[in-house]
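Residue numbers (the working numbering): 17 to 902.
Idealized CB from N, CA, C, for every residue including glycine.
So the structure is just underneath, and the comments pick up after that.
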RNA sequence: GGGAUCAUAGCUCAGCUGGGAUGAGCGUCCGCUUGACGUGCGGGAGGUCACAGGUUCGAGCCCUGUUGGUCCCACCA
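Written out as structure tokens, the structure is:
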């Protein structure tokens, strides 16, 4: 007894069941197997704090499509999953939760806090993984990793020590971005600039005579941050500036602080901007820091970690930076040193996590020296060893690599990889080592304090492609699956992650981590806005899955979307795609109903009708196109073609054409050929669709194909020249055109449904004439198409149905002309013109010596073939024009 | 300031290296209980492919400029 599909398509009834089956059968699991070629993707590890959002859904869907595609193509496909500890994001969340309980980090202490953090990881780390499963992700869950698991931790220490020894990691006092709310340093990449309305305070400092007395003259300048004046150690002018040349080397009196500060000359100053005078605060401005280095100026830090003024700020000590600003302006005004206040819009650096205005501070931090490290990463993309899709992102990539600055990697956080640096309690010697040292190499002391800082969360992510495969151990997995193949991720983390993985891959492994980076954009709401918590416009993928099924969601996310482009999310789209799943479901049910208990047998080639050959040829072409598109990562284009084929060609045309043959049970040969074709073509189409819609395709496949256990381990269809039937394709196209013509004519005529209409079909030879009659509504239906063919066959109008040359068909009487002669003539003339141009071009190319001598042979052959093709077409067109003109 | 990218049907978007706008989904209008599907079937309306030049036999696609939008980087205090 044949299995049956449920009468209605209900994704919730099949998805969980099938996923469990795949897990049980271990289809996702990949083992090293030297006889097969590997194909590897490492997942961008979602944060353990995260809930599945549309961005994940898109990211995972694209990866799953590629992995399933390659797996079916026979590759040993590994999708390496895992999660990210997301140091700062997680720590902030845990602290928030603790706040509700009235506890602070300090109450718990480092140990206690970490205990809580691990408990958090245990509770929420699994949540996102379960959500990924709902999407149908075929990750090898047996290999799941975590950025802070033992292996990854080992990899981090290994890299840190190695790079420290090579001089690529160093500790130094440099100006860094400080977040006073999160209480940690952050890297340049984490600073987000926001346009804010502010002010320009024009202030003047008194100029001193050489003997230290006030000269009565002033130097005027403008600042957006008056409070930083507390830390001013100079004022700068341009060396060539005639207005101020005489003042260079003189001193000024820094008001409020009563500190003598020099006037220095530096090219950094823009003479055109403002008054051409800049106050220099090396301790709180990155540019000033550089100026300060050049002129050997003292660095005064005037702020505490929480952005209040410290003891260096004199009487302002203890005030918040903004309160101090107000007080200082007020006082300067009282002293007559405030010239004026202007409104000014400027960009303010904020912390991307908490949006707090960052404070540039000079602090001792750990850095990765980038200048040498970045070189292989630049070269790799430049020379095409690593391909970015879309290519336009190369510019963004190079913009970053060409202006790379050292990477601040230390964070004043507790949740993360602790820096493996130890300081001797006796002599202060720094020891960087994988294991805690026991004896100080300098003084022999045995007491050490480990550096309290942790590493930037991206430090461990940078090692992800090889740490997950076992590095630093030389595992068989590492040797086999590395380098990985494709990295799929959003363009928003190109700096944070992609570039860092690339240079880390070259540095640690001596090899690229992957050959292609496939970028996607953001999923926005239907108004084009980013989905965000504060707007409350986020759409929960799990809710969509509950309503429409994972298949519909997946299709929605990849259809009509080019790499690297943002997309908008519409419920209508999901609905349309759910309808598509329903369509396939019903078409499959129809085919199975007709098969009843008997599986069709392979027909003789001669028994295949033109319509059969046509659809076989079409699916064959589809296989070729889709495979090519997918290999070029054009996932949206590929699936659009599958969609069109299944709905339009297969369901709306082929199934309708074939119906009369299915109902005519006496002609078993024809019926078998039709059923066989239906089944095989459907299977090919299902296979092509499987990477996109894994669940429906699996359910149908398993019901239809009783002997095979799963579509996901079946083989990807291959284009076969023997299944290419150009003649039938052209003929059916003609028939289709004719049928459309009939429908149009009918619509125009508005014949009452009850009346019978007649269609006269005449081929080019007089004796092959037939008359078809039917209910006029009948002509409007697609069933008519099949009837034309079947009738034509039966009446012997032609040897096979499709050779009814409808281009020569005339439809008489109430239906009017099928072809508008004038329009046709116009079309042909246009075609003639086009061909003329085309011929000219090809001829021109082929007679061009440079082209013939330099172009690759394949290209020349192609052009020659075109020449031949166009010549023939030209003849035909000319003949047709002559014919019609009569 | 530098760069990227977009401007195609009422809306949202595809359109590969230049070769008949081949378009899709939704919406809209007309018609259909046709023995898989109304989550369906058939048909229609709707486009000077932002604007202006240029290259070409031929441009939505290439070049130049203009306008408008989005994003990234830098940050002139």
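For residue 173, the closest alpha carbon among the candidates 447, 572, 747 is that of 447. With at least 16 other beta carbons inside 10 angstroms of its own, residue 72 counts as buried. The alpha-carbon of residue 283 is positioned some 35 Å away from that of residue 472. Rounded to whole angstroms, residue 514 and residue 529 show a C-alpha spacing of 10 Å. Secondary structure of residue 626 (DSSP, three-state): helix.
Cα atoms of residue 597 and residue 175: separation of roughly 49 Å, rounded to the nearest angstrom. Distance check between residue 373 and each of 405, 336, 359, 357 places 336 closest, using alpha-carbon atoms only. Straight across, the Cα-Cα distance linking residue 591 with residue 604 is about 20 Å. For the 8 Å CB-CB criterion, residue 236 and residue 266 do not form a contact.
For the set 77, 53, 93, the Cα lying nearest the Cα of residue 43 is the one of 93. A distance below 6 Å between beta-carbons, with the five flanking residues on each side excluded, links residue 358 to the following residues of its chain, in chain order: 216. Going by beta carbons, residue 250 and residue 278 fall inside the 8 Å limit.
Under DSSP, residue 98 takes part in a beta bridge, and its partners are 161.
Between the stretch 694–709 and the stretch 660–668 there are three or more C-beta pairs closer than 8 Å, enough to call the two in contact. If you draw a straight line from the Cα of residue 715 to the Cα of residue 34, it comes to about 8 Å. Using a 10 angstroms sphere on the CB of residue 198, the tally of other CB atoms reaches 16 or more, which defines it as buried. Taking C-beta separations shorter than 6 Å and ignoring five residues to either side along the sequence, the partners of residue 483 in its chain run 168, 171, following chain order.
The beta-bridge partner set that DSSP reports for residue 193 consists of 202, 376.
For residue 489, the closest C-alpha among the options 298, 525, 517 is that of 525. In this structure, residue 461 places its C-beta atom within 8 Å of the C-beta atom of residue 443. From the listed residues 421, 692, 618, the smallest Cα separation to residue 190 is found for 421.
Following the DSSP letters along the chain, one finds residue 356 inside the beta strand (DSSP E) bounded by residues 354–367. Here the alpha carbons of residue 606 and residue 548 stand approximately 44 Å from one another. Collapsing the DSSP output to three states places residue 240 in coil. Note that the C-beta distance between residue 156 and residue 97 is below 8 Å.
In this structure, the alpha-carbon of residue 416 lies about 7 Å from that of residue 511. The Cβ neighbour count for residue 65, taken over all protein chains shown within 10 Å, is at least 16; the residue is labelled buried. As a beta-bridge residue in DSSP terms, residue 423 pairs with 384. Per DSSP, residue 417 is one residue of the alpha helix (DSSP H) stretching across 409–418. The criterion of a C-beta distance shorter than 8 Å is not satisfied by residue 363 and residue 234. Scanning the stretch 99–151 for uninterrupted alpha helix (DSSP H) segments of 4 residues or longer gives 103–117, 121–150, listed from N- to C-terminal end. The continuous beta strand (DSSP E) containing residue 276 extends over residues 275–281.
Secondary structure of residue 570 (DSSP, three-state): helix. From the listed residues 297, 318, 321, the smallest Cα separation to residue 312 is found for 297. Residue 487 carries a coil assignment under DSSP once its states are collapsed to helix, strand and coil. Residue range 337–350 is occupied by the alpha helix (DSSP H) that includes residue 347, with no beta strand (DSSP E) assigned at that position.
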